[in-house]
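Here the structure comes first, spelled out in structure tokens, and everything after it is commentary.
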Amino acid sequence: MKIQQISVFLENKTGRLADVTRLIASAGVNIRAISIADTADFGILRLIVDKPAEAAEALTKGGFTTRMTDVLAIEIPDQPGSLAKVMEIFKETGVNIEYLYASLEKDCSTAVVIFKVEDIEHSTKIVEEHGLATIDCF
Amino acid sequence: MIWNPQFECQNAVDRQLLQLARLKNLVETLYSRVDFYRRKLDAAGVGPRDLGSLADIAKFPFTVKDDLRDTYPYGLLACTQSEIEEVHMSSGTTGVPVVDAYTRYDVECWEEGMARTLSGAGATRHDTVQNCYGYGLFTGGLGVHYGAKRIGANIIPMSSGNTAKQLMVMRDFGSTILCSTPSYALFMAEEAREAGFDVRSMRLRSGCFGAEPWSENMRKQIEAELGIDAFDIYGLTEITGPGVAFECECKDGMHVNEDLFYPEIIDPESGRPLPDGEKGELVFTTLVKEGTPLLRYRTRDVTIISHGACACGRTTAKIHRLFGRTDDMLIIRGVNVFPSQIEHALIEIEGTDPNYLIVLDRGPAHLDEVELQVEVKKELFTDETRSLETLRDKIESVMKSKLGIQLKIKLVEPKTIERSVGKAKRVVDRRKI
Numbered sequence: 413m414k415i416q417q418i419s420v421f422l423e424n425k426t427g428r429l430a431d432v433t434r435l436i437a438s439a440g441v442n443i444r445a446i447s448i449a450d451t452a453d454f455g456i457l458r459l460i461v462d463k464p465a466e467a468a469e470a471l472t473k474g475g476f477t478t479r480m481t482d483v484l485a486i487e488i489p490d491q492p493g494s495l496a497k498v499m500e501i502f503k504e505t506g507v508n509i510e511y512l513y514a515s516l517e518k519d520c521s522t523a524v525v526i527f528k529v530e531d532i533e534h535s536t537k538i539v540e541e542h543g544l545a546t547i548d549c550f
Numbered sequence: 014m015i016w017n018p019q020f021e022c023q024n025a026v027d028r029q030l031l032q033l034a035r036l037k038n039l040v041e042t043l044y045s046r047v048d049f050y051r052r053k054l055d056a057a058g059v060g061p062r063d064l065g066s067l068a069d070i071a072k073f074p075f076t077v078k079d080d081l082r083d084t085y086p087y088g089l090l091a092c093t094q095s096e097i098e099e100v101h102m103s104s105g106t107t108g109v110p111v112v113d114a115y116t117r118y119d120v121e122c123w124e125e126g127m128a129r130t131l132s133g134a135g136a137t138r139h140d141t142v143q144n145c146y147g148y149g150l151f152t153g154g155l156g157v158h159y160g161a162k163r164i165g166a167n168i169i170p171m172s173s174g175n176t177a178k179q180l181m182v183m184r185d186f187g188s189t190i191l192c193s194t195p196s197y198a199l200f201m202a203e204e205a206r207e208a209g210f211d212v213r214s215m216r217l218r219s220g221c222f223g224a225e226p227w228s229e230n231m232r233k234q235i236e237a238e239l240g241i242d243a244f245d246i247y248g249l250t251e252i253t254g255p256g257v258a259f260e261c262e263c264k265d266g267m268h269v270n271e272d273l274f275y276p277e278i279i280d281p282e283s284g285r286p287l288p289d290g291e292k293g294e295l296v297f298t299t300l301v302k303e304g305t306p307l308l309r310y311r312t313r314d315v316t317i318i319s320h321g322a323c324a325c326g327r328t329t330a331k332i333h334r335l336f337g338r339t340d341d342m343l344i345i346r347g348v349n350v351f352p353s354q355i356e357h358a359l360i361e362i363e364g365t366d367p368n369y370l371i372v373l374d375r376g377p378a379h380l381d382e383v384e385l386q387v388e389v390k391k392e393l394f395t396d397e398t399r400s401l402e403t404l405r406d407k408i409e410s411v412m413k414s415k416l417g418i419q420l421k422i423k424l425v426e427p428k429t430i431e432r433s434v435g436k437a438k439r440v441v442d443r444r445k446i
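Note that the protein sequences, when read in sequence, are chains A and B.
Under this note's numbering, read the first sequence as residues 413 to 550, first letter to last.
Under this note's numbering, read the second sequence as residues 14 to 446, first letter to last.
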């Protein structure tokens, strides 16, 4: 199953992250996973939230440029070797990962890793075939 | 030292007679050889017969930069193509370059103007001139080169860049005269400090600086840091390149080579000539040019003119250090840039908006730094840093090829560049010059 990620373009300017989080908070949206990719001049904030549509609307209204992207959220046991196993499967099946980041733990025994992959349809199929646990909402 | 006392120290009456004779000759040449000018003069209802005195020049129409672009490449040629010995073009334009074609005689006059310029800075045949102006279509490099050759100096044709080598050559060959943009001179001073070169203890004693705006404070700084006398020089591609006007040891204005170029100051709004001491737009008529002579060319540079003898002995009119421009042209590291060029270039880059802001600064290295802020449109935003970086690099390379200078591109959030009713503010100039 796929999950929607919100990406936000951020200029490297003081206070922009505060603006983003304030807007999301006012919309009553809960952030479940967060990561930031930065270059010298700008950053891209990536968010997984409980209510993506509301969050995107709040951010757009607040003047931010956002984009929705489909990503995979794979739930894995929180123990040594779990991520390695997923990676091995991806390697064997030719799933190309563009970036990944870990989410806040869903419960104490599992972790959720967010994968942005090159071919989401193919990857989803692989994930299902190999019986990996995916989640489509938080 | 005065290179040519006959013309530089000529009495006012003789000079005016010479100018009038040359002006008449010029108008006749333009009327008979250049279609563009014949039409222009006919439209204005004036001809060679209307020149009874120098003041009559005010009856004649102006030439503007667009006239030069519209007639690219050879529409303003007053000689045959085979008579052209050399061609130069302006750096950075709105796409169509401004052409200056020189006959043998034109190059000789250019050499003369530059020989006077270098002499004004104290250069003689015993000097070693280090020329850091770029060689090529830009008039700065070859202009200085020809002038230095004319006075018989030893010339080191360094061209621009490669500062470490510039400093090594300056030390090892004992350069005595430096020719560069003022900002590059300060950049060299800083590099010298860092590399452990003591320029003040070298033989360098004076320098000719031009091709970009600078100030008295910059002069003091250059003089202190390099231990030299710094002189302001003026020229523009349209008229001939460097060698149009230059400072003498009095350093209080630039002597115009009046036997070669006829200067006027006009009110930029009405076009009316202004008297000495009043600030206005500088206009030049080339008095002896054969290749691409120009009548009343509007430089868009703002200055003051003064006539009368100078303490140095020259009697030529002096123009004040430039105050600015009457248009929105920017001079960035010696290259002419119009904001509209940036706009045109952005339109050609797929997906970008011509919403931009140019931020000019003169950084700690004293070189002009230009940041071009461009808004990211929603369609361009793809959640990947790579695609945004590709876009940034693309804008950078397009600007480099269109403008001839490197801009630092900064992608900014949509709608963050101030919108204004009417003329948008496109330039923020933080240069302290």
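Where is the CB? At the ideal position from N, CA and C, for every residue including glycine.
Bear in mind the structure is a predicted one, so any value in this text is a computation, not a measurement.
Neighbours of I456 (chain A) in chain B, taken as residues whose beta carbon is under 7 Å from its own, are D396, T398 in chain order. Per DSSP, the continuous beta strand (DSSP E) segment holding H268 (chain B) begins and ends at 267-269. In the three-state reduction of the DSSP assignment, Q419 (chain B) falls in the coil class, being assigned neither a helical nor a strand state. Interface criterion not met: the Cβ of L385 (chain B) is under 8 Å from no Cβ in chain A.
In terms of Cβ geometry, T312 (chain B) and E294 (chain B) form a close pair [threshold 8 Å]. Taking C-beta atoms as the reference points, L435 (chain A) and A468 (chain A) fail to come closer than 8 Å. Taking 8 Å as the upper bound for CB-CB distance, T505 (chain A) and I538 (chain A) are in contact here, some 5 Å apart.
Within chain A, the C-beta atoms nearer than 7 Å to that of V389 (chain B) come from F421, T477, in chain order. For the stretch 79-100 of chain B, the set of residues with a beta-carbon nearer than 8 Å to any beta-carbon of chain A is empty.
For V182 (chain B), the enclosing alpha helix (DSSP H) begins and ends at 176-185. Restricted to the stretch 297-342 of chain B, not a single alpha helix (DSSP H) segment is unbroken, complete and at least 4 residues in length. Fully enclosed alpha helix (DSSP H) runs of no fewer than 4 residues occupy 152-164, 176-185 of the stretch 122-204 of chain B, in order along the chain.
Per DSSP, R62 (chain B) lies in no beta strand (DSSP E) and is assigned neither H nor E. Taking C-alpha positions only, A56 (chain B) is separated from T116 (chain B) by approximately 29 Å. Residue environment for L30 (chain B): exposed (fewer than 16 other C-beta atoms within 10 angstroms of its C-beta). Those residues of the stretch 222-240 of chain B placed with their C-beta closer than 7 Å to a C-beta in chain A do not exist.
Legend: CB atoms of the stretch 425-455 of chain A lying less than 7 Å from CB atoms of chain B belong to residues A449, T451, D453, F454.
Shown here for L495 (chain A): same chain residues with a beta carbon closer than 7 Å to its own, the five before and five after excluded, namely I488, V525 in chain order.
Looking at the backbone, the Cα of K463 (chain A) and that of G440 (chain A) are separated by about 9 Å. In the structure shown, A224 (chain B) falls within a coil segment according to DSSP collapsed to helix, strand and coil. The residues L385, V387, R405, I408, E409, in chain order, have a CB closer than 7 Å to that of I422 (chain B) in the same chain once the five nearest residues on each side in sequence are set aside.
Among the residues of chain B, those whose CB is under 7 Å from the CB of T481 (chain A) are D396, following chain order. Counting C-beta atoms within 10 angstroms of its own C-beta, N349 (chain B) has 16 or more neighbours from the protein chains shown and is therefore classed as buried. Apart from the 5 residues on each side of it in sequence, E262 (chain B) sits with its Cβ closer than 8 Å to the Cβ of G133, G135, D242, C325 in its chain, given in chain order.
Taking C-beta atoms under 8 Å as the contact rule, F274 (chain B) and T299 (chain B) qualify, at a distance of about 6 Å. Taking a contact to require three or more Cβ pairs closer than 8 Å, the stretch 267-282 of chain B and the stretch 15-33 of chain B qualify as touching.
Close partners of K428 (chain B) in chain A (Cβ separation under 7 Å): G475.
In this structure Q32 (chain B) is buried. Its beta-carbon is surrounded by 16 or more other beta-carbon atoms within 10 angstroms. In this structure the stretch 304-320 of chain B touches the stretch 331-343 of chain B; the number of beta carbon pairs closer than 8 Å is three or more. Measuring C-alpha to C-alpha distances from S172 (chain B) to each of B:C192, B:D185, B:R163 identifies B:C192 as the nearest. For the pair M499 (chain A) and L457 (chain A), the Cα-to-Cα distance works out to about 24 Å.
For E294 (chain B), the three-state secondary structure derived from DSSP is strand. The beta-bridge partner set that DSSP reports for M102 (chain B) consists of B:V112.
Note on M181 (chain B): under 16 other CB atoms within 10 angstroms of its CB, so exposed under the neighbour-count rule.
Rounded to whole angstroms, L422 (chain A) and G543 (chain A) show a C-alpha spacing of 37 Å. Exposure of T403 (chain B) is indicated by the presence of fewer than 16 other C-beta atoms within 10 angstroms of its C-beta.
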